[in-house]
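Residue 4 is where the sequence shown starts when you use the numbering used here, and the numbers rise one by one after that. Backbone N, C-alpha and C fix where the C-beta goes; we use that ideal spot for every residue, glycine too.
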Amino acid sequence: LITGGLEDTTPPELISFEMPTYSIDFLDEEFADYFYADENTLYIDEIFAEIVDNQSGFYSWDSKQEDLQYNFNETISQKGGYYNYAIWTSPSGNEQFTVTFDPEDAEYSSDFPDEFYGSFSISKYSENGIWTLDSFYLTDNSGNQTVLSTEDLIELGIETELLITGGLEDTTPPELISF
């Protein structure tokens, strides 16, 4: 029996979500500075989300060692320890990438605890076409979770389409020849 604690049963709420662009053309020189050194992966940051929580707040890990010690939710640990993340899905539904959010991102620190900054990486071999913001996961320190679908996000007025063009599309999955 646990008594005397503060009860938090209200999940977090997404107020807004903005990306610096909703159209990526791998051939456009505008994106040349966004490639990693290997020039196969594009890195986009400065993605903003306003997420509010009524009481327990959001946890942010300072090191990978803490990731392993704080594992109350398997879904969270599978995403590298991020409580708040968005999943984009390719036109065929066979590819995904995740935008992860951290309230204490050192590069984009904020005086406002509800402001989260995120980033994602996408390969130049990704599928071309219109990608869909498939789901948005929000979890607070008490484990209260909100999962928003594409339809929920549209109702909130959030852009749910990202156009990917100019990539070297590799949509053929690997094949296991022997084991």
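| query | result |
| --- | --- |
| For L151, collect the residues of the same chain with a Cβ closer than 7 Å to its Cβ; drop the 5 residues on either side in sequence, then sort them by chain order. | L17, S138, F139 |
| What does F58 pair with, by DSSP beta-bridge criteria? | Looking at the sequence provided, one finds Gln at residue 58 rather than Phe. Its beta-bridge partners do not exist; DSSP assigns none. |
| By DSSP, does T6 sit in helix, in strand, or in coil? | coil |
| Please classify Y25: does DSSP put it in a helix, a strand, or coil? | coil |
| I133 and E164 - do their beta-carbons sit closer together than 7 Å? | yes |
| So what does S122 bridge to, in DSSP terms? | T103 |
| If you drop the 5 nearest sequence neighbours on each side, which residues of the same chain put their C-beta closer than 7 Å to that of L141? | P14, P15, L17, I54, N87, Q148, T149 |
| What does a CB cutoff of less than 7 Å around Y46 pick up in its chain, not counting 5 residues either side in sequence? | Y37, Y39, S122, S124 |
| Go ahead and label S129 buried or exposed: buried means 16 or more other beta carbons lie within 10 angstroms of its beta carbon, across all protein chains shown. | buried |
| Can you tell me whether A139 is helix, strand or coil according to DSSP? | A small correction: the amino acid at residue 139 is Phe; Ala does not occupy that position in the sequence shown. The answer is strand: DSSP assigns F139 an E or B state. |
| Given a threshold of 16 other Cβ atoms within 10 Å of its Cβ, counted over all protein chains shown, does D105 qualify as buried or as exposed? | buried |
| Can you find the residues in the same chain that come closer than 6 Å, C-beta to C-beta, to T92, ignoring five residues on each side of it along the sequence? | Q99, T135, D137 |
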